[in-house]
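Notes follow the structure.
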Amino acid sequence: MISVEALHVTFNPGTPIERRAVNGIDLTLAEGEFATVIGSNGAGKSTLLAAIAGDAPPQQGRIKIGGRDVTREAPAKRAGRVARVFQDPLAGSCADLSIEENLALAAMRGARRGLRSALHADRRKHLRERVAELGLDLEDRMGDRMGLLSGGQRQALALVMATLAGAEVLLLDEHTAALDPGMAEFVVDLTRRLVAEHGLTTLMVTHSMRQALDLGSRTIMLHEGRIVLDIAGERRKNMDVDDLVAMFRRVRGGEELDDDSLRIG
Amino acid sequence: MSAIAFWGAVELGLIYGFVALGVFLAFRVLDFPDLTVDGSFPLGAAVAAVAITGGWDPWFACVLAAFGGALCGLVTAFLNVRFGILNLLASILTMIALFSVNLRIMGRPNMAVLNQETVITPFYDLGLADHLVRPAVLAVLVLATVLLLARFLGSDFGLATRAAGANPRMARANGVDVGRQIYFGMGLSNALTGLGGALFAQIAGFADVTSGVGTIVVGLAAVIVGETLFRSRTMLVALFSVVVGSVVYRVAVQMALSADFLFLKASDLNLVTAVLVTLALILPKLRARRRAVQ
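Okay, here's the thing in structure tokens:
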């Protein structure tokens, strides 16, 4: 469960380049709920995720995960309960570490790391099984450097890494945006499967209106650091991409959509 | 080059193998350009010299030197992690300060450790020639260190150290306290350098405040030569290659200095070092370019 109350995040407060990225957001996601987040560039989507993960400390408001207040907790400390996948496939893993080393690192997320061998036999077997489930033929390349893989392969593994240590919350920040269409499709399906399998409370930022409606059970639109639309259930089911785009336009006060900020489809 | 000169170079290479391991840990594993070693190496030597001439056990002196070195690394890490001082600058500040600290420790610029019981002396009676005993004992010590380090870097904690250096954002997202890893890694790196200094003082028979000048370049040279010789990516081989690199580098320098046709003198050492490191840095790039052309 995630609960965000009256959240304000301002970058460079009190300076000429002050920017209010999140400007009073209230949001509660029930346990296992999967919500997609849309909004134009600078709407505060990534900042909201960063605040929940602990990377962007809020000026005001509270963040609770599973009922516990984590507002002032360091990112490393809450990492045991919050898993993330970044937009940049290179950001989610270490290129110079092998596939299994990366996975082993993620498997200990939130646990105390001791001097036990990171690649002991039991763990290797388990990691191999998890990688084999992907069907990408990577299970026989567990010793290869992560840097040898494609962006899509790395992103698929990043998703597996996110689900290795039993997190409660999954934060996805446009994690398919940098992939080719085929691989994006694969990662979307994998996301759906893993979120369901692990019952993760999920927030997924996306630029794709299609993804925003297809995935999860709730869609939230942000604009200028606020929630301007929050739809679920019947209303969402009856909505298609055109309706959502129209709504997006209305929110922006009739501004013309610029193509960079939004991809329809 | 005579056999004695050759084994002398090997010996020095093995001593600096500890420094090279420390430099590898800081530069390659943590991605922390650390000049502290220029101060923690003579600190190790100074601590060991004072302890041994004070009648302490030479092994204990080595442990003290390693602790002293670790402390230097922690100071640099503290300046960087706690106050956000640029890593290179933080290490330069520590290095400069250590020059004074080392003078205080010894009470004078240099100190002899002659005719004292050292970690090597018990092994002189085993029947090997003296100039072979030293490299043999050092080889055992440095190889044991390589094995321990490889085991450590393959542990859950060690993996976190490597991730903290390779991709701090990813490490944090996976619950790694990056600052703590920097403290630990820098402490370990400079402990190894301090230990190298302690062994240097015992084998060379002196400690000198100026003996740290260029330690970082020698350590880097070893790392780069080692990486050029072995291309493997496993941690054990990488660590081993760093030690081999250190020995190869020393032997190469010795050969350059003793080749009469080159007209080099001992005082040209720093120039030769700089040229060798530059070559080692350029060669892989030239090779890659030639491959790209073909």
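Taken in order, these protein sequences are the chains called A and B.
Here the first sequence stands for residues 1 to 265, numbered as in this note's numbering.
Here the second sequence stands for residues 1001 to 1294, numbered as in this note's numbering.
For glycine and all other residues, C-beta sits at the position ideal for the given N, C-alpha and C.
Here the structure is a predicted model, which is why all the values come from computation and not from measurement.
Do you know whose CA, among the options, lies nearest residue i's CA?
i: His223(A); options: Ile231(A), Arg252(A) and Leu136(A); result: Arg252(A)
i: Ala1005(B); options: Leu1286(B), Met1255(B) and Val1063(B); result: Met1255(B)
i: Ala1204(B); options: Phe1024(B), Ala1003(B), Glu1011(B) and Phe1018(B); result: Glu1011(B)
i: Ala1070(B); options: Met1106(B), Ile1182(B), Arg1287(B) and Asp1177(B); result: Ile1182(B)
i: Ala111(A); options: Ala1238(B), Ile1096(B) and Gly1175(B); result: Gly1175(B)
i: Ile25(A); options: Cys94(A), Asp189(A), Gln59(A) and Val82(A); result: Gln59(A)
i: Leu244(A); options: Arg226(A), Gly225(A) and His207(A); result: His207(A)
i: Met161(A); options: Gly80(A), Gly114(A), Ala121(A) and Leu203(A); result: Gly80(A)
i: Pro13(A); options: Ala43(A), Ala56(A), Phe34(A) and Asp88(A); result: Ala56(A)
i: Arg199(A); options: Glu31(A), Leu190(A), Thr15(A) and Ile2(A); result: Checking the sequence, you will find Gly at residue 199(A) rather than Arg. Ranking the options by Cα distance to Gly199(A), first place goes to Glu31(A).
i: Ala1061(B); options: Gly1179(B), Ala1198(B) and Leu1148(B); result: Ala1198(B)
i: Ala196(A); options: Met1(A), Gly216(A) and Gln155(A); result: Gly216(A)
i: Asp69(A); options: Ala177(A), Asp88(A) and Ser3(A); result: Ser3(A)
i: Ala21(A); options: Leu27(A), Thr176(A) and Leu7(A); result: Leu7(A)
i: Leu90(A); options: Ala1171(B), Leu1281(B), Arg1231(B) and Val1248(B); result: Ala1171(B)
i: Thr1278(B); options: Leu1236(B), Leu1269(B), Ile1224(B) and Arg1250(B); result: Ile1224(B)
Quick one: what's residue i bridged to in DSSP?
i: Gln60(A); result: His8(A)
i: Ser1002(B); result: For Ser1002(B), which the question treats as bridged, DSSP gives no partner whatsoever.
i: Ser98(A); result: Arg145(A)
i: Val266(A); result: A question about residue 266(A) goes unanswered here, because the residues of chain A that appear run from 1 up to 265.
i: Val1019(B); result: None, per the DSSP bridge assignment.
For residue i, count neighbouring C-beta atoms within 10 Å of its own C-beta (all shown protein chains included) and say buried if the count is 16 or more, exposed if not.
i: Ile17(A); result: exposed
i: Lys45(A); result: buried
i: Asp260(A); result: Because the pLDDT at Asp260(A) is just 43, under 50, the model does not fix this residue reliably, and the value given afterwards should be weighed accordingly. Counting Cβ neighbours within 10 Å, Asp260(A) comes out exposed, since fewer than 16 surround it.
i: Ile266(A); result: Residue 266(A) lies beyond the residue range present for chain A, which begins at 1 and ends at 265; the question has no answer from this structure.
i: Pro1042(B); result: buried
i: Val1047(B); result: buried
i: Thr36(A); result: buried
i: Val1275(B); result: exposed
i: Ile1052(B); result: buried
i: Asp258(A); result: The predicted position of Asp258(A) is uncertain, since its pLDDT is 49 and thus under 50; a value taken from the coordinates is nonetheless stated next. It is exposed - the Cβ of Asp258(A) has fewer than 16 other Cβ atoms within 10 Å.
i: His120(A); result: exposed
i: Arg263(A); result: No answer about Arg263(A) holds up, because its pLDDT of 47 lies below 50 and its placement is not dependable.
i: Leu1153(B); result: buried
i: Leu1134(B); result: One detail in the question is off: residue 1134(B) reads as Arg in this sequence, not Leu. Answer is buried; the Cβ neighbour count reaches 16.
i: Phe1200(B); result: buried
i: Gly225(A); result: buried
i: Ala53(A); result: buried
i: Met204(A); result: buried
i: Asn238(A); result: exposed
i: Asn41(A); result: exposed
i: Ala1129(B); result: exposed
i: Asp240(A); result: exposed
i: Leu148(A); result: exposed
i: Ser150(A); result: exposed
i: Phe1083(B); result: exposed
i: Glu174(A); result: buried
Is the CB-CB distance between residue i and residue j below 8 Å?
i: Asn1110(B); j: Asp1208(B); result: yes
i: Gly1165(B); j: Leu1035(B); result: no
i: Leu179(A); j: Val187(A); result: yes
i: Val1137(B); j: Phe1123(B); result: yes
i: Ser1189(B); j: Gly1044(B); result: no
i: Gly1219(B); j: Ser1241(B); result: no
i: Ala1163(B); j: Leu157(A); result: no
i: Ile65(A); j: Ala212(A); result: no
i: Gly1017(B); j: Val1142(B); result: yes
i: Leu164(A); j: Thr202(A); result: no
i: Thr1193(B); j: Ser1040(B); result: yes
i: Gly1185(B); j: Thr1161(B); result: yes
i: Glu101(A); j: Arg218(A); result: no
i: Val1023(B); j: Val1146(B); result: no
i: Gly61(A); j: Glu5(A); result: yes
i: Ala107(A); j: Arg128(A); result: no
i: Ala1020(B); j: Ser1246(B); result: yes
i: Val1239(B); j: Ala1066(B); result: In the sequence on display, residue 1239(B) carries Leu and not Val. Taking 8 Å as the Cβ cut-off, Leu1239(B) and Ala1066(B) do not qualify as a contacting pair.
i: Gln1202(B); j: Val1075(B); result: no
i: Leu1283(B); j: Thr1228(B); result: yes
i: Leu1079(B); j: Ala1097(B); result: no
What do you reckon, is the C-beta of residue i under 7 Å from a heavy atom of the ligand ATP?
i: Arg1134(B); result: With respect to the ligand ATP, the structure offers nothing, as it holds no ligand at all.
Of all the CB atoms in chain D, is at least one closer than 8 Å to the CB of residue i?
i: Asp122(A); result: Among the chains of the structure shown, chain D does not appear; the protein chains present are A and B.
Name the residues in the stretch 1158–1172 of chain B whose C-beta lies less than 7 Å from a C-beta of chain A; which are they? Leu1159, Ala1160, Arg1162, Ala1163, Ala1166, Asn1167, Arg1169, Met1170 and Arg1172
Proximal residues, the stretch 1145–1156 of chain B versus chain A, C-beta separation under 8 Å: Arg1151, Phe1152, Gly1154, Ser1155 and Asp1156
Got a sec: which bits of the stretch 38–68 of chain A sit with their beta carbon under 9 Å from any beta carbon on chain B, in order along the chain? Ala53, Gly54 and Asp55
Quick one: which residues of the stretch 98–116 of chain A get their C-beta closer than 7 Å to a C-beta of chain B? List them in chain order. Glu101, Ala104, Leu105, Ala106, Met108, Arg109, Gly110, Arg113, Gly114, Leu115 and Arg116
Please list, in chain order, the residues of the stretch 128–159 of chain A that have any C-beta partner in chain B closer than 7 Å. Arg145
Between the stretch 75–94 of chain A and chain B, which residues of the former have CB atoms less than 7 Å from a CB of the latter, in chain order? Pro75, Ala76, Ala79, Gly80, Arg84, Ala91, Gly92, Ser93 and Cys94
Anything in the stretch 1228–1261 of chain B with a Cβ closer than 8 Å to a Cβ of chain A? List those residues in chain order, please. Arg1233
Please name the residues in the stretch 1168–1198 of chain B whose beta-carbon is closer than 7 Å to at least one beta-carbon of chain A, in chain order. Arg1169, Met1170, Arg1172, Ala1173, Asn1174, Gly1175, Val1176 and Asp1177
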